[in-house]
Amino acid sequence: MGKTIAEKIFDAHQVDNPAGDIHVIRLDAVFCHEITTPVAINDLLLRGKDRVFDPAKIKAVIDHVTPAKDSKTAAQGKILRDWARRNQIKDFFDIGRNGVCHALFPEKGFVRPGYTVIMGDSHTCTHGAFGAFAAGVGTTDLEVGILKGVCAFQYPRSMKIELSGNLPAGVYAKDVILAVIGRIGVNGATNRVMEFVGPVVTAMSMEARMTLCNMAVEAGATCGICYPDMTTVEYLWPFIQTEYQSKDAALTAFQAWNSDPDAVYDGVVQMDVSTLSPMVTYGYKPDQVKPVAAMAGTPVDQVYIGSCTNGRIEDLRVAAVVLKDKKIKDSVRGIVSPATPDIYKQALAEGILQVFMEAGFCVTNPTCGACLGMSNGVLADGEVCAATTNRNFNGRMGKGGMVHLMSPATAAASALAGHITNSPLYHGKE
Amino acid sequence: MKRFDGNVLFLDRADINTDEIIPAKYLTEISKEALKPYLLEDLKLKGFNPATDLMDKQVVLTRANFGCGSSREHAPWAFEVNGIHLIIAESFARIFRQNMFNCGMLAIELPRETIDGLFTRFSGKKTSVRADLASNLLLFEAEGGRAEISFTLGEYDRRLIQAGGWLEYADAHY
Ligand code: SF4
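See the structure below:
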């Protein structure tokens with residue numbers, strides 16, 4: 001019987017099988033940020049275990065609230081910073097070099113096909129775009145990961161998401177994943193790995209694959225995953241060129257992870273994206289999804305372009321095409337947050353930030369900020385935000401606020417109009 | 001081992017997420033105790049008032065996909081510091097469920113019909129429950145009624161509870 005990519009990764013990393021289908025696996029990387037790690041650090045200190053299993057396999061960043069907004073967030077940053085110093089964690093990213101974890105770490109080449117990764121953050125599933133098993137965990141799992149380099153999971157069951165057809169102009173990975181979640185529901189992939197396959201995925205850039213995998217957890221999945229291919233190799237090449245003789249050699253090695261043709265799945269979803277239109281959420285759950293046309297005219301107070309879902313260079317480029325030589329509506333506050341310093345620099349070099357500023361957007365430093373309602377654009381009670389983020393939960397961007405999730409193209413067009421609307425890049429039927 | 005008994009709080013809604021259990025703005029706290037006043041502050045549930053409804057409750061009974069959303073262990077901690085160590089639901093989001101057992105707390109899943117039945121029979125009444133880990137039974141009691149419901153608990157989950165959590169278990173084994 002064949003194996004799925006997730007099963008192959010588990011089998012290659014197994015340390016123990018304490019009971020039933022619970023497998024303790026060895027970790028290739030443990031990622032940390034300043035919201036969920038400080039409590040683990042303090043607990044380790046309290047237990048007299050201020051150690052890390054391998055400083056080279058731990059990567060840490062201050063990203064959720066940066067620069068610190070008050071004494072409490074300053075203290076969280078300090079705990080992480082001091083700990084990274086004490087434990088000689090070289091890959092620690094502080095202000096000036098920091099960015100949203102799930103955009104920054106891939107950009108640094110920290111994720112490879114076949115890796116096992118945990119982080120105290122539910123959107124860790126993003127890194128599955130590289131053919132890795134990457135899962136969000138709580139602070140206790142993180143703490144054990146830091147100390148021992150292991151984590152326990154149920155042996156993975158996978159759900160195959162087959163995406164066929166051609167994406168119409170103006171329709172993006174974000175629209176695809178919203179449509180998939182709309183179809184299967186917020187609980188539709190719980191305790192399973194969502195394996196994204198098919199020509200649509202093959203044609204996607206790494207950035208688009210990350211957007212796809214990023215929201216797997218919004219359907220309850222443990223991880224989203226894409227097969228490594230030449231696109232993966234090209235993206236990682238600057239980091240792996242000393243390890244492989246050629247790109248083809250890297251490709252051969254990476255593709256050994258890909259699922260076998262006779263692998264067994266727990267569910268298959270087939271979607272032809274050829275007739276897909278841009279999507280938007282309407283309620284307080286990410287599976288409450290409608291075509292943008294059905295929500296057109298809904299006024300928005302704020303437009304937020306950023307986050308680990310859609311704050312990458314491709315996203316800013318698309319938004320800038322929509323915004324070029326135009327002004328956002330007076331009634332709208334536009335905020336753009338390039339997800340990492342490199343994305344920021346690139347956008348600056350390409351004149352994209354200029355376009356945003358001419359249009360009337362505020363450009364913030366790379367941070368999670370408004371995405372989780374902690375800083376840089378928190379909503380007031382009753383306000384509505386068009387956002388390229390991944391969660392529309394009640395209160396997510398501020399108590400009493402409403403969030404509509406959408407692609408960067410739709411968000412930019414909505415900023416110009418002052419209400420939700422399709423972007424001119426989309427020519428399909430409404 | 002923690003205590004798994006007490007008065008029941010009925011949360012009659014599916015997909016209650018971790019932002020509702022403990023909003024992100026409180027994630028700046030670095031002690032569990034500090035989360036105590038904010039449990040379920042943003043819960044969208046008609047007629048629910050955390051100030052009065054949480055009083056003297058040690059158990060939660062709820063619907064499907066409880067604890068979906070963020071990985072924040074602050075969610076189970078917020079229950080823990082309020083003295084709630086047992087949550088009974090139709091299903092849980094993976095990370096939340098794991099966080100519960102990692103903290104040595106108990107998350108029990110029951111079939112939808114059983115949950116429906118419990119809501120019908122007991123919600124609105126002062127109800128208490130005790131989880132008996134030796135016989136795998138939940139013993140519900142309210143004025144004018146009792147119910148014995150059996151549940152399953154995986155061997156590994158049981159060991160985590162007995163060890164007091166995953167850190168204690170991992171420390172002893174790896
Ligand atoms: S950008 Fe938003 S969803 Fe992504 S890691 Fe930051 S807070 Fe979480």
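Protein chains in written order, with this note's numbering: chain Y, 1 to 430; chain P, 1 to 174. Just so it is clear, CB atoms sit at the ideal spot from N, CA and C, and this is done for glycine as well. In this text, all values refer to a predicted model and were calculated from it rather than measured experimentally.
Item: Cβ-based burial, K285(Y) [other Cβ within 10 Å; buried from 16]; Value: buried
Item: Three-way DSSP call (helix, strand, coil) for A387(Y) in this model; Value: strand
Item: Counted within 10 angstroms of its Cβ, other Cβ atoms place C223(Y) as buried (16 or more) or exposed; Value: buried
Item: Cβ neighbour criterion (16 or more within 10 Å) applied to W237(Y); Value: exposed
Item: Short Cβ contact (8 Å threshold) for A370(Y) with A386(Y); Value: no
Item: Chain P contacts from the region 80 to 101 of chain Y (Cβ-Cβ distance under 9 Å); Value: none
Item: Any 3 or more C-beta pairs closer than 8 Å across the region 393 to 404 of chain Y and the region 20 to 33 of chain P; Value: yes
Item: Cβ pair S433(Y), V65(Y) closer than 8 Å; Value: This structure leaves residue 433(Y) out entirely; chain Y is present only between 1 and 430.
Item: Alpha helix (DSSP H) segment containing Y304(Y), residue limits; Value: That residue, Y304(Y), is in no alpha helix (DSSP H); its beta strand (DSSP E) goes 302 to 305.
Item: Enclosing beta strand (DSSP E) for T252(Y) [first to last residue]; Value: Careful: T252(Y) lies outside any beta strand (DSSP E), inside the alpha helix (DSSP H) at 247 to 255.
Item: Under 8 Å from the C-beta of P23(P): neighbouring residues of chain Y; Value: G373, G395, K399
Item: Cβ neighbours of K148(Y) in the same chain (closer than 7 Å, five flanking residues each side left out); Value: F53
Item: Exposure label - K182(P); buried when at least 16 CB within 10 Å; Value: Summary: the structure shown does not reach residue 182(P), with chain P confined to residues 1 through 174, and so no result is reported for it.
Item: N7(P): CB within 7 Å of a non-hydrogen atom of the ligand SAH; Value: The ligand SAH is not part of this structure, which contains only the ligand SF4.
Item: Opening and closing residue of the alpha helix (DSSP H) in which N7(P) lies; Value: Looking at the DSSP string, N7(P) is not in any alpha helix (DSSP H); the run it does join, the beta strand (DSSP E), is 5 to 11.
Item: Runs of beta strand (DSSP E) lying entirely within the region 5 to 77 of chain P, each at least 3 residues, in chain order; Value: 5 to 11, 59 to 62
Item: Where the alpha helix (DSSP H) containing H427(Y) begins and where it ends; Value: Where H427(Y) is concerned, there is no enclosing alpha helix (DSSP H), given that its DSSP letter is neither H nor E.
Item: Run of the beta strand (DSSP E) containing R396(Y), from where it starts to where it stops; Value: Run containing R396(Y): none; DSSP gives neither H nor E here.
Item: Min CB distance V111(Y) to chain P below 8 Å; Value: no
Item: Closer than 7 Å: T389(Y) CB and nearest the ligand SF4 heavy atom; Value: yes
Item: Amino acids of chain Y, ordered along the chain, whose beta-carbon sits closer than 9 Å to that of G165(P); Value: T140
Item: Check whether K189(Y) and A219(Y) have beta carbons under 8 Å apart; Value: What sits at residue 189(Y) in the sequence shown is Ala, not Lys. Taking 8 Å as the Cβ cut-off, A189(Y) and A219(Y) qualify as a contacting pair.
Item: N- and C-terminal bounds of the beta strand (DSSP E) containing L139(P); Value: 137 to 142
Item: Interface residues of chain P facing P156(Y) [CB-CB closer than 7 Å]; Value: Those do not exist, as P156(Y) stays about 11 Å from chain P at its closest Cβ, beyond 7 Å.
Item: Closer than 8 Å to chain Y by CB, N49(P); Value: no
Item: For G120(Y) and E162(Y), believed in contact at Cβ under 8 Å, the rounded distance; Value: 32 Å between Cβ atoms; not a contact.
Item: Distance cut-off 7 Å: C125(Y) Cβ against heavy atoms of the ligand SF4; Value: no
Item: Cutoff 8 Å: R112(P) Cβ touching any chain Y Cβ; Value: no
Item: Near the ligand SF4: H74(P) beta-carbon under 7 Å from a heavy atom; Value: no
Item: Cβ of N258(Y) within 8 Å of any chain P Cβ; Value: no
Item: Straight-line gap, S91(P) to E234(Y) (C-alpha atoms, nearest Å); Value: 41 Å
Item: Euclidean distance between Cα positions of G418(Y) and L167(Y); Value: 27 Å
Item: 8 Å Cβ shell around K57(Y) - same chain, five flanking residues per side excluded; Value: L27, D28, A29, V30, G149
Item: Rounded distance between the beta-carbons of Y244(Y) and A253(Y), thought under 8 Å; Value: 7 Å
Item: Length of the line joining the Cα atoms of L416(Y) and W77(P); Value: 43 Å
Item: Local Cβ density within 10 Å of L181(P), reported as buried at 16 or more and exposed below that; Value: Not covered by the structure: residue 181(P). The range shown for chain P is 1 to 174.
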